[in-house]
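Undergrad:
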Amino acid sequence: MLLLRIISAVSSLLGGLLLIPGATAARAASARVSRPPNVVIIFADDLGYGDLGCYGHPSIRTPNLDRMAAQGLRFTDFYAAAEVCTPSRAALLTGRYPIRSGMANDTRRVLFPNSKGGLPPAEITLAEALKTKGYATAHVGKWHLGIHEGSRPNDQGFDFSLGLPYSNDMDGRPDLPRGASGSPTPPKDGWNVALLQNGKVVEQPADQTTLTRRYTEAAVKFVREHAGAPFFLYFAHTFPHVPLFASPEFKGRSRRGIYGDTVEELDWSVGQVLESLRTAGIAENTLVVFTSDNGPWLPQRAQGGSAGLLREGKGSTWEGGMRVPGIAWWPGRIQPGVSSVPVSTMDLFPTCLALAGVPLPTGRVLDGQDIAGVLFGGATLPERPFFYYRGERLFACRLGDFKAHFSTQAGYGQPKAEKHEPPLLFNLAIDPSEKFDLAPQHPDVLEAINRAIAAHEASLERAPTQLN
Ligand code: MG
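The opening residue of the sequence shown carries number 20 in my numbering; numbering runs sequentially from there.
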């Protein structure tokens, strides 16, 4: 009893010391002077624009992400750079449209377990770039950028990797029917995807009910162990991609069914990561970005998410396929607010390199732009185009508030694209749901968009596809 009292007294004294604001501020200030910031990117899979409380969902509870948004900058116009998983991940890690790296494919293929290709070794990932400044680097969660030598996480700049090699509905087993992929109904023998750590299988099939928890433990451990030097953590969640699994602590707890359970567990995970940064005294020297790789997988019905008021979902170049939640958090550096400046995951590469003092790589076109002014100063950016690719084909382009669709196609279930000549034109500020075509009224806007596309295409050297 006495021993317990002593332990309790000592721990409250220590807790008190840790809470002295002056000490925390001094520690953070000295960290700022002496070292570049840590970077944490948390990347959900198939989470839609409308799936978080802070983006208007009525029945999924996301208190940690809502708090992160209230303390940080919540973007209304944040884009994934592709409409499906693999190209979106390639774009985030390289700062380039996947058309440039061979990571886009016109036949709607993503990397399957039997694919021969993957992210080419010549591509420079954010992890590789930050390592040049001594960053410790970790990948936790889904990879889906290749399983062969040269393309794996440890080959692409990550010191540590724990996670699935691809989507949780894909399998290394040749005897499973191809149709098993993408179905929320398990194949007869169950899902068989392996959990890998630094390229070695640690569990197969992975117990998917424990994935979010185990990912989170690995992420928190990495933060704790690397608190004394700059690090980059790329935390790419497996969920809410189907098949959906939640741990016993979260299963059945959400009013939104199993989809809500997985999102609420993901929200818990975000809270754990932010708390680990605070506990380590490095929150004031860490940029955290939360976003999603593409929109919701609508054909999964209640097991897919919601794009809120945006049209369509994953797989399409309507807004619901590529506009996603985007939250940036850095206590003391990012002022709380909401930004409607259009930005994309490709902007993270040059932004993080600038923060770390790493020169941009030469000999390649980068499509992202340093958005530090938006993050830290509430600045706007000069008007710049954003290109919506479906595979290797350019379907649409946004410039300012206007978006022109040259082709449209539902993410799934519409066998052929519909071409639009003249293109459809929407004002996304007035009409975020893309309902009212304004092309006849704005020939000047269409001309400006056509000029932007011509300049973009002049810069393109299409790499041979890596997704065979
Ligand atoms: Mg995805």
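No residue lacks a Cβ here, since even glycine has one placed at the ideal position from N, Cα and C.
Just mark R274 as buried or exposed, buried being the case when its beta carbon has 16 or more other beta carbons within 10 Å.
TA: With fewer than 16 other Cβ atoms within 10 Å, it is exposed.
Undergrad: Quick one: using the 10 Å Cβ neighbour count with 16 as the cut-off for buried, is Q428 buried or exposed?
TA: When all chains shown are included, Q428 counts as buried.
Undergrad: Can you name the residues that DSSP bridges to P404?
TA: Per DSSP, L418.
Undergrad: Just checking H260 against the ligand MG - is the residue's beta carbon closer than 8 Å to any of the ligand's heavy atoms?
TA: Result yes, Cβ under 8 Å from the ligand MG.
Undergrad: On a Cα-Cα basis, can you pick out the residue from E268, W349, R330 and G345 that is closest to R297?
TA: Among E268, W349, R330 and G345, the Cα nearest to that of R297 belongs to W349.
Undergrad: So the alpha helix (DSSP H) L394 belongs to, where does it begin and stop?
TA: Unbroken alpha helix (DSSP H) run through L394: A391 to G396.
Undergrad: With three or more C-beta pairs closer than 8 Å as the rule, is the segment 87-101 touching the segment 337-357?
TA: Verdict: yes, contact present.
Undergrad: Which residues mark the beginning and the end of the alpha helix (DSSP H) in which R470 is found?
TA: Per DSSP, R470 belongs to the alpha helix (DSSP H) from P462 to A477.
Undergrad: For V308 and I60, which I take to be in contact (beta-carbon distance under 8 Å), what is that distance rounded to the nearest angstrom?
TA: With a Cβ gap of about 5 Å, V308 and I60 count as contacting.
Undergrad: Mark F161 as exposed unless 16 or more other C-beta atoms lie within 10 angstroms of its C-beta, in which case mark it buried.
TA: Sequence check: residue 161 is Lys here, not Phe. With 16 or more other Cβ atoms within 10 Å, it is buried.
Undergrad: What first and last residue would you give for the beta strand (DSSP E) that runs through A63?
TA: From DSSP, the beta strand (DSSP E) with A63 extends over N57 to A63.
Undergrad: My understanding is that G276 touches A326, with C-beta atoms under 8 Å, so please give their C-beta distance in whole angstroms.
TA: Between A326 and G276 the Cβ distance is about 18 Å, and since that is not below 8 Å, they are no contact.
Undergrad: Could you give the residue range of the alpha helix (DSSP H) that holds A110?
TA: Counting along the chain, the alpha helix (DSSP H) containing A110 begins and ends at C104 to T113.
Undergrad: For A248, count neighbouring C-beta atoms within 10 Å of its own C-beta (all shown protein chains included) and say buried if the count is 16 or more, exposed if not.
TA: The residue is exposed, with fewer than 16 neighbouring Cβ atoms inside 10 Å.
Undergrad: With a cut-off of 8 Å, do at least 3 Cβ pairs link the segment 175-194 to the segment 225-242?
TA: The segment 175-194 vs the segment 225-242: in contact.
Undergrad: Give a yes or no on contact between the segment 418-428 and the segment 442-455, applying the rule of three or more CB pairs nearer than 8 Å.
TA: Touching, yes.
Undergrad: Just to confirm, does D64 get its C-beta within under 8 Å of one of the non-hydrogen atoms of the ligand MG?
TA: D64 Cβ: within cutoff of the ligand MG.
Undergrad: G150 lies in the beta strand (DSSP E); which residues open and close that run?
TA: One detail in the question is off: residue 150 reads as Lys in this sequence, not Gly. Element bounds for K150: not the beta strand (DSSP E) but the alpha helix (DSSP H), L145 to K150.
Undergrad: Per DSSP, which residues does I346 bridge with? Please list them.
TA: R93 and F309, per the DSSP bridge assignment.
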